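A.B. asks: Sharing a structure here in structure tokens format.
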Amino acid sequence: MSLDALARCCPTWAEFRSVHAREAEIDVVAVRSSKALTRVFQLRAVSLGGEIIVSERSVGSTLPACCPERHINRGGSFCIGLRAGEGITDETAPAWWTKLHAFALWQETAEETGFWPSEAQLSHGEAGEIELAAENAADQLGLRAAYREAVAFDTGVIAFGVRRINAKTGMLRNGRSACICGRTDRRGRPLLRRDCHDNGLGCPIIFEHRRRVLVDDFWRTLRGRVSCCGTMRECPLRTGDATTDDGRKLHAAETHEGAIGGEA
Numbered sequence: 021m022s023l024d025a026l027a028r029c030c031p032t033w034a035e036f037r038s039v040h041a042r043e044a045e046i047d048v049v050a051v052r053s054s055k056a057l058t059r060v061f062q063l064r065a066v067s068l069g070g071e072i073i074v075s076e077r078s079v080g081s082t083l084p085a086c087c088p089e090r091h092i093n094r095g096g097s098f099c100i101g102l103r104a105g106e107g108i109t110d111e112t113a114p115a116w117w118t119k120l121h122a123f124a125l126w127q128e129t130a131e132e133t134g135f136w137p138s139e140a141q142l143s144h145g146e147a148g149e150i151e152l153a154a155e156n157a158a159d160q161l162g163l164r165a166a167y168r169e170a171v172a173f174d175t176g177v178i179a180f181g182v183r184r185i186n187a188k189t190g191m192l193r194n195g196r197s198a199c200i201c202g203r204t205d206r207r208g209r210p211l212l213r214r215d216c217h218d219n220g221l222g223c224p225i226i227f228e229h230r231r232r233v234l235v236d237d238f239w240r241t242l243r244g245r246v247s248c249c250g251t252m253r254e255c256p257l258r259t260g261d262a263t264t265d266d267g268r269k270l271h272a273a274e275t276h277e278g279a280i281g282g283e284a
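Convert by adding 20 to the 1-based position in the sequence shown; the result is the number in my numbering.
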């Protein structure tokens, strides 16, 4: 079982205690790059439907009971990475522990600075899958940096293209023109805007538009149901915050790159 696989490779910075076949207690003290130790995180891991779900044993005791910006879902479960808890085996269990260690470190950073670490940023919910697809498509075109710029600051060529999308169709206007992303066919001819996304590789501009729609929907479903925990300096759930719904900064004070993170 998944919990057995985790128990067999439990690292030295964690203590694993089996409660029964589908539940375990885990105490974590992560090691910072400075060799200093984090707080003790007293966690509960449950195997449910082929997935490992991890949370604090007493939800809200050390971390917020719910904070999407800190990747803590409603109910207190953690999102330590995209699909991180699914189908854990002896081969994948070490990666799960690595993600849990990183998650503990990121929680300390969030607690101390009020910001989620830039290297751990990934859109919430289904938008995370789209963001990874968009980044892959952009990378194929040599536009990875431009894509991260669009996500963080709404500037650059990808963001320029998003503003030229028809909101009703989700496609770029002027479909007979060459696509703004610059993708070409096998003969080096520019792909038309109407054809670019359907060529099997995807258009990063179309992906980014879809990501923003999904993130807007994510926050909209939470409003009125989840209150801001007040631990983060910027949060779309807090009135008068300095971010848009999709998490793009209204100011460009610092660079945010990376695409690690998860669902919440």
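Virtual Cβ for every residue (Gly too), placed ideally from N, Cα, C. Fair warning: this is a prediction, and the values are worked out from it, not measured in the lab.
Could you please give me the residues that DSSP links to glutamate 43 through a beta bridge?
C.D. replies: Partner(s): His40 and Val66.
A.B. asks: Can you give the Cα-Cα distance for glycine 107 and isoleucine 73, rounded to whole angstroms?
C.D. replies: Cα to Cα, glycine 107 sits roughly 12 Å from isoleucine 73.
A.B. asks: Among the residues of its own chain, which have a CB less than 6 Å from the CB of arginine 230, if the five just before and after it don't count?
C.D. replies: Correct list, in chain order: Ile150.
A.B. asks: Quick one, are the C-beta atoms of cysteine 248 and leucine 234 less than 8 Å apart?
C.D. replies: Cβ atoms of cysteine 248 and leucine 234: not closer than 8 Å.
A.B. asks: Does DSSP put leucine 163 in a helix, a strand or coil?
C.D. replies: Leucine 163 falls in the coil class under three-state DSSP.
A.B. asks: Quick one: what's got a C-beta closer than 7 Å to cysteine 29's C-beta in the same chain, skipping five residues either side?
C.D. replies: Contacts found: Ala113, Pro114 and Trp117.
A.B. asks: Kindly list the residues whose CB is nearer than 6 Å to the CB of alanine 198, restricted to its own chain and excluding five residues on each side of it in sequence; keep chain order.
C.D. replies: Closer than 6 Å at the Cβ level, and outside the excluded window around alanine 198, lie Pro210.
A.B. asks: For leucine 57, list the residues DSSP reports as bridge partners.
C.D. replies: Beta-bridge pairing links leucine 57 to Val51.
A.B. asks: Straight-line CA distance for alanine 104 to alanine 122?
C.D. replies: If you take the alpha carbons of alanine 104 and alanine 122, they lie about 12 Å apart.
A.B. asks: Identify which residue in Glu146, Leu23, Gly96 and Cys216 has its Cα closest to the Cα of aspartate 110.
C.D. replies: When each option's Cα is compared against that of aspartate 110, the closest is Leu23.
A.B. asks: How about arginine 90 and tryptophan 136: are their beta carbons less than 8 Å apart?
C.D. replies: In this structure, tryptophan 136 lies closer than 8 Å to arginine 90 by Cβ.
A.B. asks: Do three or more CB pairs link the stretch 192-208 to the stretch 236-256 at distances below 8 Å?
C.D. replies: With the cut-off at 8 Å, the stretch 192-208 and the stretch 236-256 do not touch.
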